[in-house]
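J.: Going by this note's numbering, 57 is the number at position 15 of the sequence shown; the sequence numbering is gapless.
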Amino acid sequence: MTDPAKVRRHAERVRELVASVVRSQIKDPRLGMITITDARITADLRDATVFYTVLGDAAAQAGTAAALDSAKGMLRSTVGKALGLRHSPTLTFVLDDVQDQVKHIDDLLAAARTADAEVQRLAAKAEYAGEAQPYRLDDEEDEEDEAAEAENQPGTGDTDETRSGERR
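The structure is reproduced here in structure tokens:
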């Protein structure tokens with residue numbers, strides 16, 4: 043089993059090597075404004091995936107992909123020699139669409155902010171359907187209980203006649 047730290051070091055080295063070779067040795071006119079963002083290598087150090095971004099439209103991305111595909115052999119030999127491994131890892135280039143994902147997430151957040159502002163605007167004008175406080179509070183219960191006890195106590199001015207009159 044290969045040490046994970048060693049795999050990470052090799053992946054970082056692959057990223058650096060590919061970036062320097064693309065910058066200095068590849069003279070393909072199809073190659074656009076490219077940035078090597080990440081590289082990952084398998085635990086057996088046989089396959090490496092290199093992630094890149096391209097500044098420009100779909101045509102620039104397609105041209106850069108074609109240029110990288112045509113330079114794959116030179117890049118693989120350079121990486122293999124520099125890493126000093128028995129087998130040079132095969133290189134796979136993947137367009138990293140992080141910028142598109144970031145834009146999509148920003149659009150979603152802006153839509154959520156707009157919806158939240160609309161809800162806040164509607165909530166500011168809203169009124170309660172019933173009472174503002176639909177639940178009885180303990181203080182109110184105590185006051186009502188005391189008032190009820192005061193009415194029912196004998197000697198508070200009520201006579202039997204008024205009580206019997208109330209019952210009718």
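Yeah, the Cβ is synthetic: ideal placement off N, Cα and C, and Gly gets one too.
The structure presented is a predicted model; accordingly, all values stated were derived computationally and were not measured.
With distances taken from CA atoms, which of Ala153, Ala90 and Ala102 is nearest Lys114?
T.: The option with the nearest alpha carbon to Lys114 is Ala90.
J.: Alpha carbon to alpha carbon, how far is Thr95 from Asp158?
T.: If you take the alpha carbons of Thr95 and Asp158, they lie about 34 Å apart.
J.: Indicate, with yes or no, if the ligand ATP has a heavy atom lying under 6 Å from the CB of Gln103.
T.: Inclusion of the ligand ATP in the displayed structure is not the case, the ligand content being empty and no account of it being possible.
J.: Quick one: residues in its chain with C-beta nearer than 6 Å to the C-beta of Thr132, no 5 flanking neighbours on either side, listed in chain order?
T.: Asp89.
J.: Roughly how many whole angstroms lie between the Cα atoms of Arg57 and Ile147?
T.: Computed Cα separation, rounded: 27 Å.
J.: Based on the DSSP output, what are the partners of Val136 in its beta bridges?
T.: Beta-bridge pairing links Val136 to Phe93.
J.: Between the beta-carbon of Thr120 and the beta-carbon of Leu73, is there less than 7 Å?
T.: For Thr120 and Leu73, no; Cβs fall outside 7 Å.
J.: For Thr156, which three-state DSSP category applies?
T.: Note: Thr156 maps to helix in three-state DSSP.
J.: Below 7 Å between beta carbons: does that hold for Ile83 and Val49?
T.: Yes. Within cutoff.
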